[in-house]
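Asker: Numbering (numbering that gives the first Met the number 0), first residue to last: 0 to 241. Even glycine gets a Cβ: it sits at the ideal position worked out from N, Cα and C.
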Amino acid sequence: MTADKTLDAETIPHPIRERFPVILTLSLLGNIPANAKWKQNGVTIAGDHGQGDATNQLSLPFGLFVDDDQTVVIADYYNHRIMQWKNGDTTNGQVVTGGNGQGNGLHQLNHPTDILIDKETDSLIICDRMNRRVVRWSRRSDTTQGEILIDNIKCYGVAMDEQRYLYVSDIERHEVRRYQLGEKNGTLVAGGNGKGDGLNQLNFPTYLFVDRQRNVYVSDEQNHRVMKWNNGAKEGIVVAGG
Numbered sequence: 000m001t002a003d004k005t006l007d008a009e010t011i012p013h014p015i016r017e018r019f020p021v022i023l024t025l026s027l028l029g030n031i032p033a034n035a036k037w038k039q040n041g042v043t044i045a046g047d048h049g050q051g052d053a054t055n056q057l058s059l060p061f062g063l064f065v066d067d068d069q070t071v072v073i074a075d076y077y078n079h080r081i082m083q084w085k086n087g088d089t090t091n092g093q094v095v096t097g098g099n100g101q102g103n104g105l106h107q108l109n110h111p112t113d114i115l116i117d118k119e120t121d122s123l124i125i126c127d128r129m130n131r132r133v134v135r136w137s138r139r140s141d142t143t144q145g146e147i148l149i150d151n152i153k154c155y156g157v158a159m160d161e162q163r164y165l166y167v168s169d170i171e172r173h174e175v176r177r178y179q180l181g182e183k184n185g186t187l188v189a190g191g192n193g194k195g196d197g198l199n200q201l202n203f204p205t206y207l208f209v210d211r212q213r214n215v216y217v218s219d220e221q222n223h224r225v226m227k228w229n230n231g232a233k234e235g236i237v238v239a240g241g
């Protein structure tokens, strides 16, 4: 898949189909024990009513984020909106951002791919991919439009560290940058040496995770690997695939 390829809705299931591997980021705070055991069967918490734009449906869900009270917010890619499902309510979600048709107005989104919740400001930070921008929307009920944090970036994934620095992957420049909120240029933290498979390169970086030491984990999609870039490193380490 290239950066500009249009996805075919008929080849994607809802939830995600096996034939198109999409990594979804599940962002949870807290410590998970090394010996944690998981149940063998999952439960549906959002969607599962076929593809569509009703409040009980999704159309190609991409990134998601889970807050402290188990509320889930989801980047609903083909519906150009962010959906929220509260814990225990599996019937209908709520449109919290976008949902005003595909477009580039501040009240609109265009194929959002990832999202996080900034608890400090009680706001949503969204990768508005096809509008080439990162936007912030307040979670207040009277909010009708967002604000642009970063523009002219073919973003895909977003993450935030404990100091509230924002990390954004760029699938056009094949790099990840760290931004102090309000900053426009950012600091290179991974890739940035052109498209390639070297340890100092990335090829279509998508989703991100940042640990407490500010090490960055990157889903390096077209290289079929997951990379770890230690804080301040000039090249990464392959931790999976490759």
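Helix, strand or coil, according to DSSP, for R128 in the structure here?
Answerer: helix
Asker: Can you round the beta-carbon distance between E234 and L198 to whole angstroms, since I take them to be within the 8 Å contact cut?
Answerer: 4 Å
Asker: Using C-beta distances below 8 Å, list every residue in its chain close to L28, excluding the 5 sequence neighbours before and after it, in chain order.
Answerer: Note that L28 scores 44 on pLDDT, short of 50, meaning its location in the model is unreliable; the coordinates nonetheless yield the value given after this. These residues qualify, in order along the chain: D67.
Asker: If I'm right that V167 touches I147 with Cβ under 8 Å, what's the distance once you round it to whole angstroms?
Answerer: Not really, about 13 Å apart at Cβ, beyond 8 Å.
Asker: Specify the secondary structure class of Q200 as computed by DSSP and reduced to three states.
Answerer: coil
Asker: So, is V209 buried or exposed, given that buried needs 16 or more other C-beta atoms within 10 angstroms?
Answerer: buried
Asker: Measure the C-alpha to C-alpha separation of V157 and D121 and round it to an integer number of angstroms.
Answerer: Roughly 16 Å separates the two Cα atoms.
Asker: Please classify S140 as buried or exposed, where buried requires at least 16 other C-beta atoms within 10 Å of its C-beta.
Answerer: exposed
Asker: Would you identify the three-state DSSP class for Q162, choosing helix, strand or coil?
Answerer: coil
Asker: Taking the beta carbon of A45 as the centre, do at least 16 other beta carbons fall within 10 Å, making it buried, or is it exposed?
Answerer: buried
Asker: Can you tell me whether N55 is helix, strand or coil according to DSSP?
Answerer: Of the three classes helix, strand and coil, the one that applies to N55 here is coil, per DSSP.
Asker: Throw me the rounded Cβ distance for the V175 and I114 pair, which I believe falls under 8 Å.
Answerer: Contact doesn't hold; Cβ gap of about 17 Å is too wide.
Asker: When the distance is taken between beta carbons, is I81 closer than 9 Å to T70?
Answerer: For the pair T70 and I81, the CB atoms are not nearer than the 9 Å cut-off.
Asker: Go through its chain and collect everything with a Cβ distance to C154's Cβ below 7 Å, but skip five positions before and after it.
Answerer: C126, R128, V133, V167, S168 and D169
Asker: Given a threshold of 16 other Cβ atoms within 10 Å of its Cβ, counted over all protein chains shown, does T143 qualify as buried or as exposed?
Answerer: exposed
Asker: So what's Q221 in DSSP terms, helix, strand or just coil?
Answerer: helix
Asker: If you measure from the beta carbon of N55 to each beta carbon in chain B, is any gap under 9 Å?
Answerer: Here chain B cannot be found, since the structure has a single protein chain.
Asker: Out of curiosity, what's the CA-to-CA distance linking L25 and L63?
Answerer: In this prediction, L25 has a pLDDT of 46, which is less than 50 and means its spatial position is unreliable; what the coordinates show is noted afterwards. Here the alpha carbon of L25 sits roughly 6 Å from the alpha carbon of L63.
Asker: What separation, rounded to the nearest whole angstrom, lies between the Cα atoms of W37 and I31?
Answerer: 11 Å
Asker: Spell out the partners DSSP gives V237 in its beta bridges.
Answerer: Beta-bridge pairing links V237 to M226.
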